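**Q** This is the structure, below, for whatever I ask next.
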Amino acid sequence: MGKYLTINGKKLEFRDERNLLEIIRKEHIDLPTFCYHSELSIHGSCRLCMVEIAGRGVMSACSTPPELDMEIKTNTEQLIEIRKITIELLLANHDRECTMCAKSESCKLQSLARRLGIEEVRFKNIFHKESKDISTYALVRDNGKCVLCGDCVRFCDEIQSIGALGFAGRGWRAKICLSFERNLESSECVYCGQCSRVCPTGAILPKTEFRGVWKALSDKKKKVIVAIAPAVRAAIGEVFGVTEENGTEIAGKIVTALRSMGFAKVFDISFTADMTIIEEANEFLERLGKGDDMPMFTSCCPAWVRFVEQYYPDFIKNISTCRSPQGMYGSIARRIMPEVLGIPKEELVIVSVMPCTAKKYEARRSELAKDGVIDIDYVITTQELALMIEEAGLRFGNLEASAFDMPLGFKTGGGIIFGNSGGVTEAVLRNVMNTNGDESEEFNFVRGENGVREAKLKVGTRELKLAVVHGLKNARKVLRDIRADKKRYDFVEVMACPGGCIGGAGQPVYSDLAVRKKRSKVLYENDKIMELHKPQDNPYVQKIYKDYLENPGSKKAHEYLHTTFKYRKRFKATLEIFKSHLEKSININVCVGNNCLRKGSKEILKHIIGDNKFKDNVNVQALICLEKCSNGPAVKINGKTFEHCTPGSVENAIKEELKK
Amino acid sequence: MTSNYSKFEAVCCILEENNFDKSKLIPILQSVQEEYRYLPAEIMSFISSSLDMSPAIVYGVATFYSHFTLNPKGENIIKVCNGTACHVKKSAAIIDAMRKKLGLKENENTTKDMLFTIETVACLGACGLAPVVVINENVHGQMTAEKIVKLIDETMGAK
């Protein structure tokens, strides 16, 4: 027997829906919400999805589970008034300069105010402008636009397991901020930017840099070249209502648009994605042969790389040293293209179009610069490209498609599917196993939506264990399992954003998860219609290797296509434990990070200053953290770091130092 | 030479007594505040690292409850009740007089010499004595602007 309730007088069956909101939305009633996302936990703070339940009164639909014979009304006069008051209260404390907000037209607050017919705010305006946080290349935070829905806080914590953002204060003083009111740059943020995707207003936005691109385009002394990432073609059509065309057609329209804006050459990041695969597969086979630093992790996602650098320094050696496709594009464009294209170096301006906010940060990593000069001058997002197209007055839907420029415009299907979670793994397998990877292939497991997908695969006589992961919380679990020896893998692909690059924070904002599936399909369909599917078959890639880079994995290839990684401290905290007044004293830093503390750094501190052994000859600080987590407790004495310390060994080391 | 070791050791003991249990964050912060009289940022960072939780959560809890303070408090704490009864009996005038006497600017609650901290509280439950002021542990009822100035002078003199 079915279970029934009524909504607005209509009897409806319900099954396993978690809350009334799900049932109501299935009925195609768009009950407004700020704080509800099906991927996140239920918060119930925005008070917009209020419904009237007979016998109970007004309740929030998102946090009320369905019950038998409930009688629900969604649109009474009282409910409409409640929603209006909520929006008006938010507007009374909101930066209402909507015309100058980048979120204008896609802002939920703006559209709700319109939907609810709000013509005046009956409450006193108490808005005070605060300065924006522009400390990073990736994101801009503006608390003046915040509605305190907490979506960013929950995404950062629940999906990414970072928890950089949090609520602080309470009541009318409540706000969202980073710990201790720091800025983004000095926080734990890895720049995935998903907070900006779930933000209903303009409180967190990807930072834009397309103004600089326009400027370069209008400079007659400059030649501007550009490359678009695979995922861009899967999503940009959404902005212009062009969603039925295939990836090649959309990419062709983008090429036409970019040319008409004045770009000298239009390339495809899928080309360098092909190169990345060739280098990465080569590196993988080398590591597999030697058995060193396994499993190998992919290195294409800069948010994931930063995550490892911050939280798992002991796994840095496991990351493939290959640059990401953007990194390879930058290097080739900066160092090889001037000769190939006949453009003088100083005239060349290099732009990339990315679905991602972390790519903006990646381009500025010092490891990707040569002699202090970064390879890529401007990284713009899909959103920014759409804006430029609009600004140029181009009717995207009506544009004819045109072809990419050579050589960096030619790609195989392997380079295109890079934009999907699982794409890198599939392309590597096509390379390693020399197959085309159509749907009948045995490694089809890499496709799909699950956060962690695993498989075993026979290659020659060996059985490979692979994992494809998206979302950093899933990645953290996989890393913990590997560290605890619960899981063994040979190859692990990680993308920080759910769905991979197609779901990146630089893409047009979406909240319906079906959008992600559609984007993923665009790339897989695009792969199907390509002539070539295996990265190693790309003739232009072969030519670049022949002319400039010798072989995959060669010294030259390493110079151009590989990079390095390093620890990046999560946060620093220094506790002054003992301060000497002598001018010449020994500086001792004892790590009291979580691992070292559990392994006995407190006893070390106690031993060296507990009974005032060294009198005024030492300066002692407790630190978080020396990043020697697997070899703790760690102590630094006058700049030299000691691992596996004991109270006795530290005492001896200090005595040695005192003798000097 | 100055040593903060005993305080640091006390924080470690507090963490140990609470078994490094995340769910005991509030009692941990309470005990640490007793030790330091406030919650220093670096100690909160240390707590978040030791409990393996995001510093943003620790900061959120510490700023949510008015019991916690992130700034060092003065030697003498003056609580002025600003509940309904006291408010009607003009507690605002007492606060103004105190601020003037102690030379506190807007948004400042502690004197530069760290002698006094003033706090406003919602209700002390002594509405019959309104307006009420508590200096350290002593309750003073039916306060006036003149009386509070005198009391501050007396407190200064006693030290």
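Here the protein sequences line up with chains A and B, keeping their order. Residue numbers for the first sequence follow the working numbering, so the first one is 873 and each next one is one higher. Residue numbers for the second sequence follow the working numbering, so the first one is 9 and each next one is one higher. Using N, Cα and C, we set each Cβ at its ideal position, and we do this for glycine too. Quick caveat, the model's predicted, so the values are computed rather than measured.
Mind pulling the chain D residues with CB within less than 8 angstroms of Cys1497(A)?
**A** Structure shown: chain D not included; protein chains present are A and B.
**Q** Pick helix, strand or coil for Asn1491(A), following the three-state DSSP scheme.
**A** Here residue 1491(A) corresponds to residue number 619 of the first sequence, with the count starting at 1. DSSP places Asn1491(A) in strand when its eight states are reduced to three.
**Q** Output, in chain order, the set of chain A residues within a Cβ distance shorter than 8 angstroms of Ser62(B).
**A** On the second sequence, position 54 is the one that residue 62(B) refers to. Going along chain A in sequence order, the residues near Ser62(B) (Cβ under 8 angstroms) are Asp1029, Ile1034, Gly1035, Ala1036, Gly1038, Ser1051, Glu1060.
**Q** Examine chain B for any beta-carbon lying closer than 8 angstroms to the beta-carbon of Thr1008(A), and answer yes or no.
**A** Along the first sequence, one-based indexing puts residue 1008(A) at 136. Closer than 8 angstroms: no.
**Q** Return the chain-ordered list of same chain residues with a C-beta closer than 6 angstroms to the C-beta of Met122(B), the five sequence neighbours on each side being excluded.
**A** The count along the second sequence starts at 1 and reaches residue 122(B) at position 114. So the qualifying residues of the chain are Gly82.
**Q** Per DSSP, what kind of secondary structure is Cys934(A) in: helix, strand or coil?
**A** Residue mapping note: residue 934(A) aligns to position 62 of the first sequence, counting from 1. Reduced to three states, the DSSP call for Cys934(A) is helix.
**Q** Whole angstroms is fine: what's the gap from Glu1335(A)'s alpha carbon to Leu1469(A)'s?
**A** Numbered from its first residue, the first sequence carries residue 1335(A) at position 463. Numbered from its first residue, the first sequence carries residue 1469(A) at position 597. If you take the alpha carbons of Glu1335(A) and Leu1469(A), they lie about 40 angstroms apart.
**Q** For the ligand GDP, is there any heavy atom lying closer than 7 angstroms to the beta carbon of Lys1406(A)?
**A** In terms of ligand content, the structure shown is empty, and the ligand GDP therefore cannot be addressed.
**Q** Just to make sure I have the definition right: I need the residues of chain A whose C-beta is within less than 7 angstroms of the C-beta of Ile65(B). Which are they?
**A** Against the second sequence, residue 65(B) aligns to sequence position 57. In chain order: Gly1035, Gly1038.
**Q** Decide if Thr1333(A) is buried, meaning its Cβ has at least 16 other Cβ atoms within 10 Å, or exposed.
**A** Locating residue 1333(A) in the first sequence gives position 461, where the first residue counts as 1. By the neighbour-count rule (16 or more Cβ atoms within 10 Å), Thr1333(A) is not buried but exposed.
**Q** By a C-beta neighbour count over all protein chains shown, 10 Å radius and 16 as the cutoff for buried, is Met972(A) buried or exposed?
**A** Position 100 of the first sequence, counted from the first residue, corresponds to residue 972(A). The residue is exposed, with fewer than 16 neighbouring Cβ atoms inside 10 Å.
**Q** Thinking C-alpha only, which one of Asn1306(A), Leu1301(A), Met1305(A), Lys1330(A) is nearest Val1318(A)?
**A** The residue given as residue 1318(A) occupies position 446 in the first sequence. Selected option, being the one with the closest Cα: Leu1301(A).
**Q** Verify whether the separation of the beta carbon atoms of Ile895(A) and Phe906(A) is less than 8 angstroms.
**A** If you number the first sequence from 1, residue 895(A) lands on position 23. If you number the first sequence from 1, residue 906(A) lands on position 34. Contact flag unset, no.
**Q** Would you identify the three-state DSSP class for Cys21(B), choosing helix, strand or coil?
**A** Looking up residue 21(B) in the second sequence gives position 13. Helix, per DSSP.
**Q** Is Ser39(B) close to chain A? Criterion is C-beta to C-beta, closer than 8 angstroms.
**A** Translated into positions along the second sequence, residue 39(B) becomes position 31. It does not; no Cβ of chain A falls within 8 angstroms.
**Q** Is the CB of Glu1529(A) under 8 angstroms away from at least one CB in chain B?
**A** Stepping through the first sequence from its first residue, residue 1529(A) is reached at position 657. Not one chain B Cβ lies under 8 angstroms of Glu1529(A).
**Q** How many angstroms separate the CA atom of Ile65(B) from the CA atom of Asp1399(A)?
**A** Working through the second sequence from its first residue, we reach residue 65(B) at position 57. Working through the first sequence from its first residue, we reach residue 1399(A) at position 527. Their Cα atoms are separated by approximately 44 angstroms.
**Q** Between the Cα of Cys141(B) and those of Cys94(B), Met164(B), Val69(B), Lys113(B), spot the shortest distance and give me the residue it belongs to.
**A** Translated into positions along the second sequence, residue 141(B) becomes position 133. A small fix is needed here, since residue 141(B) is Val in this sequence, not Cys. Comparing Cα positions, the closest option is Cys94(B).
**Q** Between which two residues does the alpha helix (DSSP H) harbouring Asn1154(A) extend?
**A** On the first sequence, residue 1154(A) is found 282 positions in, with the first residue counted as 1. Element bounds for Asn1154(A): 1141 to 1162.
**Q** My guess is that Gly1294(A) and Gly1320(A) are in contact by the Cβ rule of under 8 angstroms, so how many angstroms apart are they, rounded?
**A** The residue you call residue 1294(A) lines up with position 422 of the first sequence. The residue you call residue 1320(A) lines up with position 448 of the first sequence. Rounded, the Cβ-Cβ distance is 7 angstroms, consistent with contact.
**Q** Only counting the same chain, and skipping five residues up and downstream in sequence, which positions put a Cβ closer than 8 angstroms to that of Ser1090(A)?
**A** The residue given as residue 1090(A) occupies position 218 in the first sequence. Excluding sequence neighbours, Ser1090(A) sits near Gly1134.
**Q** Which partner residues of Val1012(A) appear in the DSSP bridge assignment?
**A** The residue you call residue 1012(A) lines up with position 140 of the first sequence. DSSP lists Leu1077(A) as partners of Val1012(A).
**Q** Return the first residue and the last residue of the alpha helix (DSSP H) that Ala964(A) is part of.
**A** As a first step, residue 964(A) must be located in the first sequence, where it is residue number 92. Here the alpha helix (DSSP H) through Ala964(A) covers 949 to 964.
**Q** Could you tell me how far apart the beta carbons of Asp967(A) and Lys1017(A) are, in whole angstroms, since I believe they sit closer than 8 angstroms?
**A** Numbered from 1 along the first sequence, position 95 holds the residue referred to as residue 967(A). Numbered from 1 along the first sequence, position 145 holds the residue referred to as residue 1017(A). 6 angstroms between Cβ atoms; contact.
**Q** Ignore the nearest five residues each way along the sequence and tell me which others in Arg897(A)'s own chain have a CB closer than 8 angstroms to its CB.
**A** Position 25 of the first sequence, counted from the first residue, corresponds to residue 897(A). These residues qualify, in order along the chain: Leu903.
**Q** Kindly indicate if chain B contains any beta-carbon less than 8 angstroms away from that of Ser1312(A).
**A** Residue numbering aside, residue 1312(A) sits at position 440 when the first sequence is read from its first letter. Because the pLDDT of Ser1312(A) is 49, which lies under 50, any placement of that residue in the model is unreliable, and the question is left without a value.
**Q** Quick check on DSSP: helix, strand or coil for Gly929(A)?
**A** By one-based count along the first sequence, residue 929(A) stands at place 57. Gly929(A): strand per DSSP, three-state reduction.
**Q** Do you know offhand how far Arg107(B)'s Cα is from Asn79(B)'s?
**A** Locating residue 107(B) in the second sequence gives position 99, counting from the first residue. Locating residue 79(B) in the second sequence gives position 71, counting from the first residue. Each residue's Cα considered, the two are about 18 angstroms apart.
**Q** Kindly indicate if chain A contains any beta-carbon less than 8 angstroms away from that of Thr71(B).
**A** Position 63 of the second sequence, counted from the start, is the residue given in the question as residue 71(B). Yes, Thr71(B) counts as interfacial toward chain A.
**Q** Please classify Gln1408(A) as buried or exposed, where buried requires at least 16 other C-beta atoms within 10 Å of its C-beta.
**A** To locate residue 1408(A), count along the first sequence from 1; it is residue 536. Gln1408(A) is buried by the Cβ-count criterion.
**Q** Using the three-state DSSP reduction, which class does Tyr1233(A) fall into: helix, strand or coil?
**A** The residue given as residue 1233(A) occupies position 361 in the first sequence. DSSP places Tyr1233(A) in helix when its eight states are reduced to three.
**Q** List the endpoints of the continuous beta strand (DSSP E) containing Ser1224(A).
**A** On the first sequence, residue 1224(A) is found 352 positions in, with the first residue counted as 1. Ser1224(A) -> beta strand (DSSP E) spans 1220 to 1226.
**Q** Keeping to the same chain, check which residues put their C-beta closer than 7 angstroms to that of Glu1448(A); ignore five residues upstream and five downstream.
**A** Here residue 1448(A) refers to the residue found at position 576 when the first sequence is read from its first residue. The residues are Gln1493.
**Q** Give me the Cα-Cα distance between Met52(B) and Lys945(A), rounded to the nearest whole angstrom.
**A** For this step, residue 52(B) is matched to residue 44 along the second sequence. For this step, residue 945(A) is matched to residue 73 along the first sequence. Spanning the two alpha carbons is a distance of roughly 47 angstroms.
**Q** Just the Cα atoms here: how many angstroms apart are Lys1231(A) and Ile1460(A)?
**A** Numbered from its first residue, the first sequence carries residue 1231(A) at position 359. Numbered from its first residue, the first sequence carries residue 1460(A) at position 588. Computed Cα separation, rounded: 38 angstroms.
**Q** Give the DSSP-derived three-state secondary structure of Cys1501(A) in the structure shown.
**A** Counting from 1 along the first sequence, the entry for residue 1501(A) is found at position 629. Note: Cys1501(A) maps to helix in three-state DSSP.
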